[in-house]
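Engineer:
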Amino acid sequence: MVRDYELLPGKDIARIKKELGELKGSGLSAEKIETLNRNLGELIDIIKVASDQMKLEETDPYSHKLDQVIEKLDKLIYENKEIAEGIIAVADLVKKPKETPHHKPPMGTQPHPMPPPLNQPPSPQNQPPGPMPPLPAPLPPITPPPGPQQTGPVPIPPLQPIGKPEKKPKKLFGLFK
519 MVRDYELLPG KDIARIKKEL GELKGSGLSA EKIETLNRNL GELIDIIKVA
569 SDQMKLEETD PYSHKLDQVI EKLDKLIYEN KEIAEGIIAV ADLVKKPKET
619 PHHKPPMGTQ PHPMPPPLNQ PPSPQNQPPG PMPPLPAPLP PITPPPGPQQ
669 TGPVPIPPLQ PIGKPEKKPK KLFGLFK
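Position in the sequence shown (from 1) plus 518 gives the number in this note's numbering.
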């Protein structure tokens, strides 16, 4: 005959009886377990609904197009801001009173040669360009435009670097900042 049971020491049996008594007396009734099951079921339903909504938002074809429109609007807003700042700078230059030069160079002096442009490699000793090809027809005379003549150099506003705007974090519709 094969042994189908195992003998346990008395100490283990006493511990198991004590735990069983505590479970019976703890008040964990079938009613409480049923309430817990119902609450867990409701929580699972809420999570399923939220998951379905998130999947719908990810697969919505209009959300991707809307993101593209928002990105383009952000770029337009940035460019309009840059243009407005440029217009303000030009308006400030126009509003400034014209300054008269205090020291005029004598007419007989030679003007300084222009430095080579920055985007071209420097030429050795600034050699003059080769002979010009003949023009096909004589050019008409150049006349200055009518209007007040300005003496002295015209100040040029400082240039600001032009580049792509930095990628900003997306905001609600990208319009309100």
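All C-beta atoms in this analysis are idealised placements derived from N, C-alpha and C, irrespective of residue type, glycine included.
Please read all numbers here as calculations on a predicted model, not as lab measurements.
How big is the Cα-Cα spacing for Lys528 and Ser547?
Structural biologist: Locating residue 528 in the sequence shown gives position 10, where the first residue counts as 1. Locating residue 547 in the sequence shown gives position 29, where the first residue counts as 1. Inspection of the sequence shows that residue 528 is occupied by Gly rather than by Lys. Rounded to whole angstroms, Gly528 to Ser547 spans 29 Å at the Cα level.
Engineer: For Asp592, count neighbouring C-beta atoms within 10 Å of its own C-beta (all shown protein chains included) and say buried if the count is 16 or more, exposed if not.
Structural biologist: Along the sequence shown, read from residue 1 onward, the residue named residue 592 stands at position 74. It is buried - the Cβ of Asp592 has at least 16 other Cβ atoms within 10 Å.
Engineer: Compute the distance between the beta-carbons of Ser581 and Glu575, then report whether it is under 8 Å.
Structural biologist: Reading the sequence shown from its first residue, position 63 is the one you call residue 581. Reading the sequence shown from its first residue, position 57 is the one you call residue 575. Yes, Cβ-Cβ distance for Ser581 and Glu575 is below 8 Å.
Engineer: Helix, strand or coil for Tyr523? Go by DSSP, reduced to three states.
Structural biologist: Position 5 of the sequence shown, counted from the first residue, corresponds to residue 523. Of the three classes helix, strand and coil, the one that applies to Tyr523 here is coil, per DSSP.
Engineer: Along the chain, where does the alpha helix (DSSP H) containing Pro659 start, and where does it finish?
Structural biologist: Reading the sequence shown from its first residue, position 141 is the one you call residue 659. First-last for Pro659: undefined, no H or E at that position.
Engineer: Excluding the 5 residues flanking Ile605 on each side, which residues of the same chain have their C-beta closer than 7 Å to its C-beta?
Structural biologist: In the sequence shown, residue 605 corresponds to position 87, counting from 1. Cβ neighbours of Ile605 beyond the five flanking positions: none.
Engineer: Would you identify the three-state DSSP class for Ser547, choosing helix, strand or coil?
Structural biologist: As a first step, residue 547 must be located in the sequence shown, where it is residue number 29. Correct three-state label for Ser547: coil.
Engineer: Any chance you could list the beta strand (DSSP E) runs of at least 3 consecutive residues sitting entirely within the segment 544 to 611, in chain order?
Structural biologist: Runs found: none.
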